[in-house]
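Novice: Numbering (the working numbering), first residue to last: 53 to 955.
C-beta: ideal position from N, C-alpha, C; glycine also.
Submitted below is the structure of interest, expressed as structure tokens.
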């Protein structure tokens, strides 16, 4: 039997979130002793709402921490000075005083934080003359609470539905010190907003609105506005209430499309009502962020193709339909609060044609802010080849192609534009609070400013943990010139490391160089090893179990290592990049000071060291499984390969213990803010070490015995392991090969569909017998555990028609597999098709698929339709992003008779 453990054994054994103490502790537990013996803070500033109280109270606490007594002596004076830029401020230094002047309370707040930072940079001293004027170019800087609930489309799952206060005063003060002036809260209108048009909506509205207004008032005391983030107006996805109101929905081919239609009066009326009701009930709300393209869908324009009869009859294009929906929401909002922000986050624009993206920008209402993923659909050069970077990235600087196309139009039309970023970390490595790579942020912000960006959402659920990275973002938001990265890094480092700023800046520069070696592939960031490789078991005996989702702490990590590579990288390329990642990171670590004297310094050291171990472990995992393939396929000296595999396991046992020691000191390491759980922690790491130790006496010992007996070291690769299905391919005419029938999901034989294989010199031949109008899906695994992009073959109706008219082939989900531009068509064309005698024949050139000699490969075949049938019927199916409904059990082994003879 194949390995059947799927759940993470620690899913219900999570440790307490000890890092919450750090986040909720006072900001100024430590400050360098100041040369100023005593001072007074004088405030002569109009502040009828008392918004400055938190800023001045904080500054007094800072003075006390720095040893500055409250009394006559030096003076810190806060004064009003007219300014037309919100949050701008001027600092004037004199021998006996420092004057902070601004035109609004938030300028004073930012100025006081600047003075605190200057005292720390200068080891407790301040300049005796000169002045500094700063104003933000990035005016909205929106983060998220890193431990509040996710919106899981259930009424009790979201942040506004419970009674927990996620925003302590100290946490908000910490955000304010990093220049954050907005937080977003995820929600769904059907839970928190009543509607007359859809009366089923508003399940929790009274409780949610009370909590929302309470949060708005509390955050305002720290200069932080509150935004709601929602996929609105919501589709029927996990939303049965909308199904009761077909008059709001679009229609396609005579059926409701499940989307709110901007061409139907009730659809428009609901969007207007929602905007109006929200800002009536929560007038202090800063803004609304709507995911207007993709995710769980909303309007007819939330898909990449406009599939709505009403919108088409109305003469709307995709871009016009999106603009119409945005405009309806805005009209409702503007009728109540015209200075609110409506931010349209076009998350899935990567799936749109670029001309449609540009058109949507041209038609967008001038009051609606456009927010685009900064890195999405990026073309990143790595190892001399262009790689496709989809979704969010910190390791890839960007900007991506979709952002560039949008910015070009938005700048030309002077339309406001925000960037969606990942400031502290991204999917690649989100199981640490942050990656210390401010040099990458510098380059991103430089490009953002040049593109006319005026605001940014700092994160998805992960990515805005208060840290040196959020601090860097806050500083970059006020930076006038981007021509001196080294000076910026030194000034940033000096806040925490006043005596070693140059060394730390050099280390950060190397960290930034290192981190750009992370393989740019969406599969690698969603399923790759950088989040939790130190907790991977490393299976010498294949178990054929999928890799776990990076953003969850539910699944046990399997051994199908190629699921994080697909077409973007070969295993060898990935190992090389991870080598470069680790080697350059260690060079940076060697620059980093060893003598940490403060809690902040120790925390930065621990995080950098933890990342070093995580990167090493990720590289070990990929090398381990690459070597396992070599061993299983009989490439090279089996004894030497086994020794290398054993050495990796022994090092990983040590590494687990080293990382556990760091986790005990740094409780934020291992925590993933979307999983709301730890991906690894000491108990789990020690368990993993024990599992690896056990494998040395079981799996490794068994393989050694097989080698001594002259057997294949890993039976799995021969297709003879339990629960495997194999077809021995003979070198013969395809007509001489034996047919194997397909099987329905219930185990019944499909008498109409069958397959057979043959070898013809440099080609393998796959021949299919299927009924007319059949649709066959083929997915190969030509490198073991590296799934290729699925190819579908649609067979025409007349078996006597010419070949050109009897079948169509297409590559499924090409972008997710790393195939873009013409690469998908090239991949499909590798499958050379012909049809005769009612059979579809597919030729696979061994050279096209990297098949060496007579080595085996695996292939999955499924006839699609209402009643699917499989060549190899699976008994466990996984539903996963990129792969859809997928089962490795459905792979059959294609064994060349020459290999069979040598087995």
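Assuming contact is defined by CB atoms lying nearer than 8 Å, are residue 337 and residue 392 in contact in what I supplied?
Specialist: Counting from 1 along the chain shown, the entry for residue 337 is found at position 285. Counting from 1 along the chain shown, the entry for residue 392 is found at position 340. Yes.
Novice: How many Å lie between residue 271 and residue 277 at the Cα?
Specialist: In the chain shown, counting from the first residue as 1, residue 271 sits at position 219. In the chain shown, counting from the first residue as 1, residue 277 sits at position 225. Answer to the nearest angstrom: the Cα atoms are 6 Å apart.
Novice: Could you give the residue range of the beta strand (DSSP E) that holds residue 812?
Specialist: Translated into positions along the chain shown, residue 812 becomes position 760. That run of the beta strand (DSSP E) goes 801-812.
Novice: Could you tell me if residue 136 is buried or exposed, where buried requires 16 or more neighbouring beta carbons within 10 angstroms of its beta carbon?
Specialist: Translated into the one-based positions of the chain shown, residue 136 becomes position 84. Residue 136 is exposed by the Cβ-count criterion.
Novice: Tell me the residue span of the alpha helix (DSSP H) that contains residue 970.
Specialist: No information on residue 970 is available, as it lies outside the stretch 53 to 955 that the chain covers here.
Novice: With distances taken between CB atoms, is the gap from residue 571 to residue 691 smaller than 8 Å?
Specialist: Taking the first residue of the chain shown as 1, we reach residue 571 at position 519. Taking the first residue of the chain shown as 1, we reach residue 691 at position 639. No, the pair does not count as a contact, with Cβ atoms beyond the cut-off.
Novice: Should the stretch 472-489 be regarded as contacting the stretch 606-614, the criterion being three or more beta carbon pairs within less than 8 Å?
Specialist: They do not touch, by the three-pair rule.
Novice: With DSSP run on the structure shown, which of helix, strand or coil describes residue 342?
Specialist: Start at 1 with the first residue of the chain shown, and residue 342 comes out as number 290. DSSP places residue 342 in strand when its eight states are reduced to three.
Novice: Where does the unbroken beta strand (DSSP E) through residue 280 begin, and where does it stop?
Specialist: As a working note, residue 280 is residue 228 in the chain shown. Counting along the chain, the beta strand (DSSP E) containing residue 280 begins and ends at 277-282.
Novice: Report the three-state DSSP secondary structure of residue 308 (helix, strand or coil).
Specialist: If you number the chain shown from 1, residue 308 lands on position 256. Strand, per DSSP.
Novice: Give a yes or no on whether the C-beta atoms belonging to residue 72 and residue 199 are separated by under 8 Å.
Specialist: Taking the chain shown and counting its residues from 1, one reaches residue 72 at position 20. Taking the chain shown and counting its residues from 1, one reaches residue 199 at position 147. Against a cut-off of 8 Å, the Cβ pair of residue 199 and residue 72 comes out as a contact.
Novice: In whole angstroms, give me the CA-to-CA distance for residue 776 and residue 843.
Specialist: Residue mapping note: residue 776 aligns to position 724 of the chain shown, counting from 1. Residue mapping note: residue 843 aligns to position 791 of the chain shown, counting from 1. Distance between the alpha carbons of residue 776 and residue 843 is about 23 Å.
Novice: Do residue 826 and residue 808 have their C-beta atoms within less than 8 Å of each other?
Specialist: Locating residue 826 in the chain shown gives position 774, counting from the first residue. Locating residue 808 in the chain shown gives position 756, counting from the first residue. Going by C-beta atoms, residue 826 is not nearer than 8 Å to residue 808.
Novice: Does the distance from the C-beta atom of residue 578 to that of residue 600 stay below 8 Å?
Specialist: Locating residue 578 in the chain shown gives position 526, counting from the first residue. Locating residue 600 in the chain shown gives position 548, counting from the first residue. No, the pair does not count as a contact, with Cβ atoms beyond the cut-off.
Novice: Distance, Cα to Cα, residue 494 vs residue 62?
Specialist: The residue labelled residue 494 in the question sits at position 442 within the chain shown. The residue labelled residue 62 in the question sits at position 10 within the chain shown. Distance between the alpha carbons of residue 494 and residue 62: 38 Å.
Novice: With a 10 Å radius around its C-beta and 16 neighbouring C-beta atoms as the bar for buried, classify residue 589 as buried or exposed.
Specialist: As a first step, residue 589 is located in the chain shown; it is residue number 537 there, counting from the start. Classification of residue 589: buried, given that the 10 Å Cβ count is 16 or more.
Novice: Let's test the definition: count the other Cβ atoms within 10 Å of the Cβ of residue 296 and tell me whether it reaches 16, buried, or not, exposed.
Specialist: Start at 1 with the first residue of the chain shown, and residue 296 comes out as number 244. That one is exposed.
Novice: Taking only runs of the beta strand (DSSP E) that begin and end inside the stretch 735-810, which ones reach a length of at least 3 residues, in chain order?
Specialist: List check, beta strand (DSSP E) in window: 778-781, 792-796.
Novice: DSSP on residue 935, reduced to helix/strand/coil?
Specialist: Walking along the chain shown from the start, residue 935 turns up at place 883. Coil at residue 935, not helix or strand.
Novice: Does the stretch 231-244 touch the stretch 208-218, meaning 3 or more C-beta pairs lie closer than 8 Å?
Specialist: Yes: at least three Cβ pairs fall under 8 Å.
Novice: In whole angstroms, what separates the C-alpha of residue 855 from that of residue 249?
Specialist: Numbered from its first residue, the chain shown carries residue 855 at position 803. Numbered from its first residue, the chain shown carries residue 249 at position 197. Here residue 855 scores only 47 on pLDDT, less than 50, and its place in the model should not be relied on; the value that follows carries that caveat. Taking the straight line joining both Cα atoms gives about 55 Å.
Novice: Going by DSSP, name the residue or residues bridged to residue 141.
Specialist: Along the chain shown, read from residue 1 onward, the residue named residue 141 stands at position 89. Note: residue 141 sits in a beta bridge opposite 154, 186.
Novice: For a minimum of 3 consecutive residues, which ranges assigned as the beta strand (DSSP E) are wholly contained in the stretch 855-940?
Specialist: Complete beta strand (DSSP E) runs here, min 3: 859-863, 883-888, 891-897, 909-915, 930-932, 936-938.
Novice: How would you label residue 290, buried or exposed, when you count the other beta carbons within 10 angstroms and need 16 or more for buried?
Specialist: Looking up residue 290 in the chain shown gives position 238. Residue 290 should be labelled exposed.
Novice: For the beta strand (DSSP E) that residue 70 lies in, which residues bound it at each end?
Specialist: On the chain shown, residue 70 is found 18 positions in, with the first residue counted as 1. Counting along the chain, residue 70 falls outside any beta strand (DSSP E), and DSSP gives it neither H nor E.
Novice: In its own chain, which residues sit with a C-beta less than 8 Å from the C-beta of residue 523, not counting the 5 before and 5 after it?
Specialist: In the chain shown, counting from the first residue as 1, residue 523 sits at position 471. Contacts found: 229, 230, 231, 544, 547.
Novice: At which residues does the beta strand (DSSP E) containing residue 437 begin and terminate?
Specialist: Along the chain shown, read from residue 1 onward, the residue named residue 437 stands at position 385. Element bounds for residue 437: 437-441.
Novice: Helix, strand or coil: how does DSSP classify residue 477 here?
Specialist: Taking the first residue of the chain shown as position 1, residue 477 is located at position 425. In the structure shown, residue 477 sits in coil (DSSP, three-state: anything other than H, G, I, E or B).
Novice: Enumerate in chain order the residues of its own chain whose CB-to-CB distance from residue 85 is below 7 Å, with the five nearest sequence positions on each side excluded.
Specialist: Numbered from 1 along the chain shown, position 33 holds the residue referred to as residue 85. Cβ neighbours of residue 85 beyond the five flanking positions: 118, 119, 176.
Novice: Could you name the residues of the same chain whose beta carbon sits closer than 7 Å to that of residue 253, not counting the 5 residues immediately before and after it, in chain order?
Specialist: Residue 253 sits at position 201 when you count from the first residue of the chain shown. Excluding positions up to five away in sequence, the list reads 241, 242, 245, 246, 247, 293.
Novice: Along the alpha helix (DSSP H) that carries residue 126, what are the first and last residues, could you check?
Specialist: Position 74 of the chain shown holds residue 126. Residue 126 -> not in any alpha helix (DSSP H); beta strand (DSSP E) instead, spanning 126-132.
Novice: Can you give me the Cβ contacts of residue 846 inside the same chain, cut-off strictly under 7 Å, excluding the 5 residues immediately before and after it?
Specialist: Along the chain shown, read from residue 1 onward, the residue named residue 846 stands at position 794. The answer, listed in chain order, is 827, 859, 860.
Novice: Going along the chain, which unbroken runs of the beta strand (DSSP E) with 3 or more residues stay wholly within the stretch 648-709?
Specialist: Complete beta strand (DSSP E) runs here, min 3: none at all.
Novice: According to DSSP, is residue 947 helix, strand or coil?
Specialist: Here residue 947 refers to the residue found at position 895 of the chain shown. Looking at residue 947 - three-state DSSP - the assignment turns out to be strand.
Novice: At which residue ranges does the stretch 396-425 contain complete alpha helix (DSSP H) runs of 4 or more residues, listed in the order of the chain?
Specialist: As far as the stretch 396-425 is concerned, its whole alpha helix (DSSP H) runs of at least 4 residues are 406-415.
Novice: Relative to the C-alpha of residue 444, which candidate in 412, 477, 467, 438 has its C-alpha closest?
Specialist: Numbered from 1 along the chain shown, position 392 holds the residue referred to as residue 444. Among 412, 477, 467, 438, the Cα nearest to that of residue 444 is on 477.
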